[in-house]
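Peer 1:
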Amino acid sequence: MKKNTFPKSLKKGDKIAVISPAGSVESSQLEKGIEMIKARGFEPVLGKHLYSKFSNGYNYAGTEAERIQDINWALNDSEIAAVWASRGGYGCQHLVQHLSLKGFTKDPKWYIGYSDNTVIQSYLLKKGFASIHGQTIKTSSFGVIEEGYDGIFDIIKGKVPTYNLLLHQFNKKGSVKGELVGGNLALIYALLGTQYSFDFKEKILFIEDIGENFYALDRMIMSLELAGVFHKISGLIIGGMTNMGDEKENKEYGESFDEFAYQLISERISRYMFPTAFGFPNGHIKDNRPLIIGGIIKMKVGTNVKIEFLKS
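Under UniProt numbering, the residue at position 168 of the sequence shown is numbered 168, and the numbers go up by one with no gaps.
1) Assuming the contact rule is C-beta atoms closer than 8 Å, I19 and A81 should be a hit. Round their C-beta distance to whole Å, please.
2) Opposite G23 in the DSSP bridges: which residues?
3) Do R289 and Y149 have their beta-carbon atoms positioned less than 8 Å apart in this structure?
4) Would you identify the three-state DSSP class for M36, choosing helix, strand or coil?
5) Once you ignore the five residues that flank I68 on each side, which residues in its own chain have a CB closer than 7 Å to its CB?
6) Going by DSSP, which residues form a beta bridge with E267?
7) Alpha carbons only, please: which of F170, G193, Y114 is nearest the one belonging to A85?
8) Counting along the chain, where does the alpha helix (DSSP H) carrying S223 start and finish?
9) Using a Cβ-Cβ cut-off of 6 Å (strictly less than) and excluding sequence neighbours within five positions of G41, which residues of its own chain qualify?
10) Which residue marks the beginning of the beta strand (DSSP E) containing A82, and which one marks its end?
11) Would you kindly check if the distance between the Cβ of G88 and the Cβ of N59 is under 8 Å?
12) Within 10 angstroms of the Cβ of D70, are there 16 or more other Cβ atoms? Answer buried if so, exposed if not.
13) Here's the rule I'm using: 16 or more other beta-carbon atoms within 10 Å means buried, otherwise exposed. How should G228 be labelled?
14) Can you name, in chain order, every residue of its own chain whose Cβ lies under 8 Å from the Cβ of G143, other than the five neighbours on each side?
15) Can you tell which of S52, E202, G151, E66 has its C-alpha closest to the C-alpha of I292?
16) How many angstroms separate the CA atom of V160 from the CA atom of R271?
17) Would you mind working out which of H133, W110, K126, L165 sits nearest K157, comparing C-alpha positions?
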């Protein structure tokens, strides 16, 4: 089984670049995250356009050119040891055709983010590099537990996680070992048929999402089925499905693990026999634990669920 490259572990004093590859942010929204980096013994280095703004039907963190400049600087600067996205939103698809890994391939570094950052993580994985699907620097309105950030710092310092989950009614029992791919479902769906899509063959797929009508969720799952994804994967993990369905559109974030969304997914994959674990704590939720995209995991689904990452 091919192993993707894990970047080298960080040590105290290493520099972590903070960039905004998608939606815009205010400095006040990043203060706690930046102070946290300092408190953990690392040096945050802010991208030139971290707080830039450009509106063209959506509030982006600068123009495409500015966001491309920042991400390519962060990925390739030899003084930078890791890259942490300020937030997701929308906009990473604008960058992917223009990414350069000239310096990165010589000195790989962890890329940390989730949501729209799934696009960047898919690109890196196509090139053979693992990344961290975990909380961004901006803390969402529903908050993030400290353990979510603890897990990220553990990974960048060289420790891989093991997770134990409770039994869920929609789980499918079984054991599997394989490479983890995926992230935000809407972005996985958006990349289907492009050269930047994940390779799903014999992989374990992770999905999470937020704010989608149930018909849109069904459409995305159907598209994965029509693309043959469920014939290819060897396992499936479902994370947060937050604020799903039109009846919640005008309300604050609903349940982290929407049971109707889970039921819909379960029904769509009912004819497939791969091990399936519902309720993983990752996504647009308060309890957002990091996953290593491109990492090799052993997953056992029985009376409970154990997901164990293996060292690269």
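All residues carry an ideal CB built from backbone N, CA and C; glycine is no exception.
Peer 2: Taking the structure as given:
1) Walking along the sequence shown from the start, residue 19 turns up at place 19. Walking along the sequence shown from the start, residue 81 turns up at place 81. That belief does not hold up - the Cβ atoms of I19 and A81 are roughly 14 Å apart, past 8 Å.
2) Taking the first residue of the sequence shown as position 1, residue 23 is located at position 23. G23 is bridged to Y60.
3) Reading the sequence shown from its first residue, position 149 is the one you call residue 149. Reading the sequence shown from its first residue, position 289 is the one you call residue 289. If you check the CB distance, Y149 and R289 do not come in under 8 Å.
4) On the sequence shown, position 36 is the one that residue 36 refers to. If DSSP states are grouped into helix, strand and coil, M36 belongs with the helices.
5) On the sequence shown, position 68 is the one that residue 68 refers to. Closer than 7 Å at the Cβ level, and outside the excluded window around I68, lie L95, H98.
6) If you number the sequence shown from 1, residue 267 lands on position 267. Beta bridge pairing from DSSP links E267 with no other residue.
7) Residue 85 sits at position 85 when you count from the first residue of the sequence shown. Comparing Cα positions, the closest option is Y114.
8) Reading the sequence shown from its first residue, position 223 is the one you call residue 223. Element bounds for S223: 214-226.
9) By one-based count along the sequence shown, residue 41 stands at place 41. If the five residues before and after G41 are omitted, its C-beta is found closer than 6 Å to the C-beta atoms of K12, all from its own chain and listed in chain order.
10) The residue you call residue 82 lines up with position 82 of the sequence shown. Unbroken beta strand (DSSP E) run through A82: 80-85.
11) What you label residue 59 is simply residue 59 of the sequence shown in a count that begins at 1. What you label residue 88 is simply residue 88 of the sequence shown in a count that begins at 1. Not a contact, by the Cβ cut-off of 8 Å.
12) One-based indexing of the sequence shown puts residue 70 at position 70. Around the CB of D70, 16 or more other CB atoms lie within 10 Å, so the residue is classed as buried.
13) Looking up residue 228 in the sequence shown gives position 228. Exposed is the call here.
14) Residue mapping note: residue 143 aligns to position 143 of the sequence shown, counting from 1. Taken in chain order, the residues that qualify are K286.
15) Here residue 292 refers to the residue found at position 292 of the sequence shown. The shortest C-alpha separation from I292 is found at G151.
16) Within the sequence shown, residue 160 is the residue found at index 160, counting from 1. Within the sequence shown, residue 271 is the residue found at index 271, counting from 1. Approximately 33 Å between the Cα atoms of the pair.
17) Within the sequence shown, residue 157 is the residue found at index 157, counting from 1. Closest by C-alpha distance to K157, out of H133, W110, K126, L165, is W110.
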